[in-house]
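2 protein chains.
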Amino acid sequence: MNFVITVGREYGSGGRFIARLVAEKLGIAFYDNELLIEAAKDSGLSPSIFESYDEKQDGFLGGSLGMYSYDMTLSQKVFLAQFDAIKKIASEKSCVIVGRCADYVLRDFPNVVNVFICAPMEDKIKRVIEYYGVKPEKAASYIVKKDKKRRGYYNFYTDMDWGKASNYDLCLNSRVGIDECVDAIVGYTKRRFKLD
Amino acid sequence: MNFVITVGREYGSGGRFIARLVAEKLGIAFYDNELLIEAAKDSGLSPSIFESYDEKQDGFLGGSLGMYSYDMTLSQKVFLAQFDAIKKIASEKSCVIVGRCADYVLRDFPNVVNVFICAPMEDKIKRVIEYYGVKPEKAASYIVKKDKKRRGYYNFYTDMDWGKASNYDLCLNSRVGIDECVDAIVGYTKRRFKLD
Chain A
1 MNFVITVGRE YGSGGRFIAR LVAEKLGIAF YDNELLIEAA KDSGLSPSIF
51 ESYDEKQDGF LGGSLGMYSY DMTLSQKVFL AQFDAIKKIA SEKSCVIVGR
101 CADYVLRDFP NVVNVFICAP MEDKIKRVIE YYGVKPEKAA SYIVKKDKKR
151 RGYYNFYTDM DWGKASNYDL CLNSRVGIDE CVDAIVGYTK RRFKLD
Chain B
1001 MNFVITVGRE YGSGGRFIAR LVAEKLGIAF YDNELLIEAA KDSGLSPSIF
1051 ESYDEKQDGF LGGSLGMYSY DMTLSQKVFL AQFDAIKKIA SEKSCVIVGR
1101 CADYVLRDFP NVVNVFICAP MEDKIKRVIE YYGVKPEKAA SYIVKKDKKR
1151 RGYYNFYTDM DWGKASNYDL CLNSRVGIDE CVDAIVGYTK RRFKLD
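Same order as they appear, the protein sequences are chains A and B.
Take the first sequence: its letter number 115 is residue 115 in my numbering, and every next letter is one higher.
Counting from 1 along the second sequence, just add 1000 to a position and that's the residue number in my numbering.
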């Protein structure tokens, strides 16, 4: 039986790292943005879609929607290609998928656990300074900007509200620690799909 | 070591029932609205506060705030007496506390796990028809009204947003089943406080 864990997360919450550790513990595949782009390429979608994507990322829904119509179209193509990749992967194997509205994309799939990871602002600030090299004085506004973008993607592509508990099966605050969250997700998934 | 589990919940999600089962499984005390009123009375707070409370409940933040100033004052007194009771109880023993903004009241206490339980609307409708005797044709609007009230209390007394994942340690969707949620909360709590 295939199952999929989707992980939404606040920027700096450690959600991506938690997701990777969950995949490792459960011995299943892990997909984030980059790996989904590779998967979309591998699945035979036109490479031309991705050609100039990387350097355009910052324009992606970043500001006023009307101002970036070229980027929007390009980014939307990439997003939609990733959606197809997500569905294909989910039908083939068990995996953990980070971001990309995977919860929404897989809403009609069986055996999906939708997880959201959040954290207190002070923890997120520490994490982005330590791991992403963001300057301390810019950390808070950077996090707000990043999350605004994530909320933007999510609310744009889905009919739901990013970070609202009722969208997900399981939400965890990483203030208790990364390992604690990993254990909670692994425990929940094992019980849910009777994996032991 | 004392620990407290606070449980916020959408109306009809089964959250109160889940909370009671968690308390039973962990062998700790359980407090809901009624039991907190009793506790507030027992702790020596003036019984006069509670005298005409019960029949006034429906007016409590139910509509426009300006219209119910007498009820507001009375209900606020009861609420604040419950806040005192919550703090007293939390400092004395391990327990599960449902509702009453207990997460906010205990925000400076150590060893508190803040849980939120939600559910899909169709599940909540089934539950309120089956367990609370609400008429099927009125169930959806009744649930919305009840949750509006809960959100009202919460956002009024706290500086947070009811049902938003980042307010809580652990949010669970009861669509997977009551027992699953109970197990997840018990498992999380045991790991968190190293109870095994």
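Cβ atoms here follow ideal geometry from the backbone N, Cα and C, with glycine treated the same way.
- Task: Determine the DSSP secondary structure at A:N33, reduced to helix, strand or coil.
- Result: helix
**Message:** Run through the DSSP bridge pairs and tell me what B:L976 is partnered with.
**Reply:** Because chain B spans 1001 through 1196 in this model, residue 976 of chain B falls outside it and cannot be assessed.
- Item | Residue burial classification, B:N1144 (beta-carbon count within 10 angstroms, cutoff 16) | With the sequence shown as reference, residue 1144 of chain B is identified as Val, and Asn is not the correct amino acid for it. Under this definition B:V1144 is an exposed residue.
I'd like to confirm the pairing. Which residues does DSSP put opposite A:K164 in its beta bridges? B:K1164
Amino acids of chain B, ordered along the chain, whose beta-carbon sits closer than 9 Å to that of A:L106: The contacting residues do not exist; A:L106 stays about 15 Å from chain B at best.
In its own chain, which residues sit with a C-beta less than 6 Å from the C-beta of A:V98, not counting the 5 before and 5 after it? V7, R16, A19 and D32
Exercise. Going by the beta-carbon positions, is the gap between B:D1183 and A:R191 smaller than 7 Å?
Worked result: yes
query: Applying the criterion that 16 or more other CB atoms from any shown protein chain within 10 Å of the CB defines a buried residue, is B:D1103 buried or exposed?
result: buried
Taking 7 Å as the CB-CB cut-off, is A:N173 touching chain B? yes
Proximity test, Cβ basis, 7 Å: B:Y1188 and chain A: yes
For A:C118, which residues in chain B fall below 8 Å Cβ to Cβ?
A1165 and S1166
Output, in sequence order along the chain, the residues in the stretch 1141-1163 of chain B whose CB is closer than 7 Å to any CB in chain A.
G1163
- Message: Between B:L1036 and B:Q1076, how many whole angstroms is the CB-CB distance? I'm expecting something under 8 Å.
- Response: Contact flag wrong, Cβ pair sits at about 15 Å.
C-beta atoms of A:A40 and A:A90 nearer than 7 Å
no
**Prompt:** When you compare each of A:V112, A:V4 and A:E122 to A:G27 by their alpha carbons, which one comes out closest?
**Reply:** A:V4
Sequence-distant residues of its chain with Cβ nearer than 8 Å to A:M67 (five each side left out):
Note on A:M67: pLDDT 44, under 50, position unreliable in the model; the coordinate value appears next. Taken in chain order, the list of residues that qualify is empty.
> Is the beta carbon of A:A119 less than 7 Å from the beta carbon of B:A1165?
Replying inline: no
inquiry  = Below 8 Å on C-beta distance, what does B:V1176 contact in chain A?
reply    = D169 and R192
From this set, B:K1093, B:C1171, B:D1123 and B:Y1131, which residue's C-alpha is nearest B:P1110's C-alpha? B:K1093
When B:Y1188, B:G1012 and B:V1078 are compared against A:S174, the one with the closest alpha-carbon = B:Y1188
Query raised in the report: If we ignore side chains and look at the alpha-carbon of each, how far apart do B:E1122 and B:I1129 end up?
Result: 11 Å
Tell me the rounded alpha-carbon separation between A:S13 and A:I117. 7 Å
Taking the alpha-carbon positions, what's the A:C101 to A:A139 distance?
25 Å
* How would you label B:L1172, buried or exposed, when you count the other beta carbons within 10 angstroms and need 16 or more for buried? -> buried
- [ ] State the Cα-Cα distance for the pair B:S1069 and A:I185, rounded to the nearest angstrom.
- [x] Unreliable positioning characterises B:S1069 in this predicted model, as indicated by a pLDDT of 48, which lies under 50. A coordinate reading is not provided.
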